[in-house]
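Residue numbers (this note's numbering), protein chains in the order written: chain A, 2 to 131; chain B, 4 to 524.
See structure below.
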Amino acid sequence: MKKILFSALLGATTLLGALGARADMPAGDAERGRLVFAACRTCHYPEKLVGNHNGPSLFAIFGRKAGTREGFEYYSDTLKKADFTWTPELLDLWLANPRTFLPGTAMVFVGLPNAQDRADLIEYLKQFHD
Amino acid sequence: MSSSEFPPGPEPLNSERRRFLQNLGLAAAGASVAIGASAAQPLPRREVTQWDAQTDVLVMGSGAGGISAAIEARRHGAQVLVLEKFQLPGGSSSLSGGVCYLGGGTPLQKALGFEDSVENMFNYLIAASGPYASQDKIQLYCENSLGHFQWLLDNGVKYAQRFSQEKELSHAEDSLYFSGNERVYPYCDIARPVPRGHVPPAHNQTGGRELMKCLIASAKALGADIKTNVSCERLIQEADGSVAGVQIEENGVRRNIRARRGVVLAAGGFIHNPDMLQRYAPELAKCRPHWGRAGDLGMGILMGMGAGASTLRMHHGFAVLPLYPPENVLAGIVVNRRGQRFVPEDSYYGVLGHETLFHQGGKGYLIVDADSDYPGPDYRVVVAQQADSVAELERKLQMPEGALVQTVEYYNRFAKKNQDPLLRKNEHYLGQLLKAPFKAYDLGTDKAFYAVHTFGGLQTTLDAQVVHAYGEPIPGLYAAGRTSAGLPVAPYHASGLSIGDCTFFGRRAGAHAAQRTGVKA
């Protein structure tokens with residue numbers, strides 16, 4: 002299982018140098034992130050009371066094991082087998098490289114190429130926890 | 004070739020002119036247009052020496068339009084290949100609410116005690132759609148609405164015999180509701196209000212997932228071949244202008260696929276193509292979020308244009324400003340920067356967004372008092388200013404002196420009597436604004452949540468044939484869903500019109516293509 006994450010990370014790193022970009026993650030602005038994240042609301046809601054949508058709830062996403070949201074029945078095999086915990090750095094990597102990091106998930110997504118947008122989105126999501 | 008080439012190529016830009024263009028931002032725009040044009044240029048049939056695969060009907064895209072075309076083409080005996088660019092079928096339809104706008108007395112309407120007629124449905128749609136409506140498409144759609152509902156049932160879509168009174172469907176168990184502007188003035192006076200939003204029961208508005216699950220299963224059961232991770236890149240066109248096939252790309256390899264009877268472009272709109280969006284729909288471009296799945300890249304529209312197709316209404320789209328739920332906020336008033344009301348606040352949220360975006364420059368405020376306020380912070384809106392009196396709020400918003408005070412006084416004077424002579428908001432939503440604190444929520448496009456999607460696309464006939472710029476159908480080329488310009492126009496006045504258009508005219512594309520005669524060997 003570790004191997005899946007490792008190869009995904011390796012693919013993204015070699016192709017796009019994303020790990021290098023990760024070290025320079027700009028400081029995020031949660032209020033800007035509110036509207037950056039808005040596009041994700043076709044499928045994801047971070048509010049605790051909303052729960053799962055087309056995609057799993059993103060309430061308290063950071064520090065949570067990937068692919069384990071209660072009640073969500075639509076995980077791809079890729080995410081079911083994933084053995085890692087969501088961190089801001091890994092989410093940044095996924096949003097920057099949706100077709101190389103974790104390919105084959107059910108998240109059909111064009112990517113968020115702007116590093117500031119990703120940082121703002123991540124800062125916004127950090128607000129949602131107990 | 005000789006050194007004196009003819010015609011001569013374009014002169015290289017000198018550095019001064021390049022700088023000038025760069026300052027205008029035009030150099031970059033020019034470059035991106037060129038990329039789109041070359042990708043969409045049809046490949047002449049004579050350059051295809053060998054077909055890598057063949058089918059009768061090739062469908063580009065696997066949303067509601069494409070899958071409906073596939074189902075109907077199979078029912079008419081054609082071999083069908085559906086190509087989806089991404090890893091999962093379903094398109095933006097699978098992320099939608101899954102509402103289909105149907106009426107004229109469907110069994111669900113009747114069972115729940117609502118009386119509707121084809122004329123009543125037609126009158127509402129014509130009035131609410133405004134001057135850009137495709138009248139012939141609306142008429143055909145209304146006349147065949149009962150049959151279309153039966154078609155959805157036949158393909159396994161399930162509906163619950165339950166009606167919801169809510170403006171937005173938030174109950175997982177209900178299947179019929181007023182999904183548009185039927186009860187809003189002046190439409191309530193033009194056509195008798197009847198609920199026409201038909202939706203499979205689903206929690207959190209995931210009805211689109213249910214709908215597409217059923218339609219995709221039906222298409223597969225009928226024998227349609229659906230392939231994912233295959234991108235349609237270029238049409239292949241005969242010298243006489245008819246369409247012979249499509250050049251596709253799979254795992255980085257290009258292949259030519261013959262479509263003996265027709266190609267259906269059903270690849271969504273262009274909300275995720277920033278260059279097209281800026282070029283055709285700049286008002287939509289400045290809104291966020293851009294609402295749709297990743298495939299709404301405009302490729303189907305560009306390919307059609309490359310083959311000489313006419314387009315319609317490229318600046319139209321939905322601009323949903325979802326102020327409700329909760330419905331208590333609709334006792335508040337929506338005003339422009341001069342403190343004037345301009346839209347009945349109980350309007351369908353696509354109309355609220357359209358009026359604010361297109362007619363007030365994308366600026367405005369929702370003014371509420373303590374009773375009409377949101378229960379807490381909300382992701383859709385932020386407070387611009389708040390104050391203990393309307394006069395103080397007006398000053399803080401830098402509105403013309405007395406304007407907002409006058410608007411609120413006038414509104415309150417009649418709301419007290421359950422009346423709204425100015426805009427005729429329904430009395431169910433009227434309420435005086437009396438209790439501090441008074442808040443102004445910012446409805447500016449840089450602050451508020453405007454979900455936007457495009458409605459402009461290829462011009463099509465009633466049989467979904469793509470129409471050439473000179474007015475005749477392009478033989479063998481069809482378009483459906485948001486790749487075409489269909490029932491939904493701006494303002495978007497009812498949920499379910501887009502899915503209704505995708506499924507209904509998708510069916511017609513598949514049926515017509517499957518039965519096309521006079522095809523070259």
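Just so you know, even glycine gets a beta-carbon here, dropped at the ideal spot from N, CA and C.
Predicted model only: the values in this text are computed from it and were never measured.
Where Phe441/B is concerned, the enclosing beta strand (DSSP E) starts and stops at 441-445.
For the C-beta of Gln90/B, the chain A residues within less than 7 angstroms are, from N- to C-terminus, Gly105, Val109.
Spatial neighbours of Val37/A in its own chain (CB-CB distance under 6 angstroms, excluding positions within 5 residues in sequence) are listed in chain order as Asp118, Asp121, Leu122. Of the residues Gly295/B, Gly265/B, Leu315/B, Lys140/B, the one whose Cα lies closest to the Cα of Val323/B is Gly295/B. As summarised for the segment 66-115 of chain B, the continuous alpha helix (DSSP H) elements at least 4 residues long and confined to that stretch are 67-78, 110-114, given in chain order. Residues of chain B whose Cβ lies closer than 8 angstroms to the Cβ of His130/A do not exist, since the nearest Cβ in that chain is about 15 angstroms away.
Pairing Gly499/B with Asn158/B, the inter-Cα distance amounts to about 18 angstroms. As for any beta strand (DSSP E) of minimum length 3 sitting wholly inside the segment 375-441 of chain B, the runs are 386-390, ordered along the chain. Counting C-beta atoms within 10 angstroms of its own C-beta, Glu118/B has fewer than 16 neighbours from the protein chains shown and is therefore classed as exposed.
The shortest CA-to-CA distance from Ser148/B to any of Ser132/B, Asn123/B, Leu172/B is the one to Asn123/B.
Between Val160/B and Gly307/B, the C-beta spacing is not below 8 angstroms.
Under the 10 Å beta carbon count, Gln363/B is surrounded by 16 or more other beta carbons and is classified as buried.
Across the set Gly80/B, Ala72/B, Ile370/B, the C-alpha of Ile370/B shows the shortest separation from the C-alpha of Val384/B. Look at the beta carbons and you see the segment 308-317 of chain B not touching the segment 342-349 of chain B: under three pairs across the two are nearer than 8 angstroms. Excluding sequence positions up to five before and after Leu300/B, its CB lies within less than 6 angstroms of the CB of His275, Asn276, all in the same chain and listed in chain order.
Residue environment: Val256/B is assigned as exposed (fewer than 16 neighbouring CB atoms within 10 Å of its CB, all protein chains considered).
Close to chain B, meaning a Cβ-Cβ distance shorter than 9 angstroms, are the following residues of the segment 31-46 of chain A: Glu32, Arg35, Leu36, Val37, Phe38, Ala39, Ala40, Cys41, Arg42, Thr43, Cys44, Tyr46. When only Cα atoms are considered, Ile502/B and Asn184/B end up about 17 angstroms apart. Straight through space, the alpha carbons of Pro134/B and Gly69/B are spaced by roughly 28 angstroms.
Interface criterion met: the Cβ of Tyr382/B is under 8 angstroms from a Cβ in chain A.
No Cβ of chain A is located within less than 8 angstroms of the beta carbon of His456/B. Among the bridge pairs identified by DSSP, Gly265/B is matched with Val60/B. A check of alpha carbon separations from Phe441/B across Leu433/B, Tyr351/B, Asp374/B, Leu425/B identifies Asp374/B as the nearest. Per DSSP, the beta-bridge partners of Tyr180/B are Ser167/B, Gly200/B.
Nearest CB-CB separation between His293/B and chain A: below the 8 angstroms threshold. Shown here for Cys235/B: same chain residues with a beta carbon closer than 6 angstroms to its own, the five before and five after excluded, namely Met63, Leu86, Val249, Ile251 in chain order. When Cβ pairs closer than 8 angstroms are counted between the two stretches, the segment 318-332 of chain B is seen not to touch the segment 404-413 of chain B, the count staying below three.
Our two residues, Pro403/B and Gly34/A, have alpha carbons roughly 33 angstroms apart in a direct line.
Shown here, Glu236/B sits in a strand according to DSSP, grouped into three states. Put simply, the backbone Cα of Asp84/A is about 15 angstroms away from that of Trp95/A.
Annotation: the segment 241-307 of chain B contains the following complete segments of the beta strand (DSSP E) (minimum length 3 residues), in chain order: 246-253, 256-268. Per DSSP, the beta bridge partners of Pro476/B are Val470/B. Fully contained in the segment 13-93 of chain A are the following alpha helix (DSSP H) runs of length 4 or more, in chain order: 19-24, 31-39, 78-82. Straight across, the Cα-Cα distance linking Gly367/B with His515/B is about 47 angstroms. For Thr486/B, the closest Cβ of chain A is not nearer than 8 angstroms. In the three-state reduction of the DSSP assignment, His496/B falls in the coil class, being assigned neither a helical nor a strand state.
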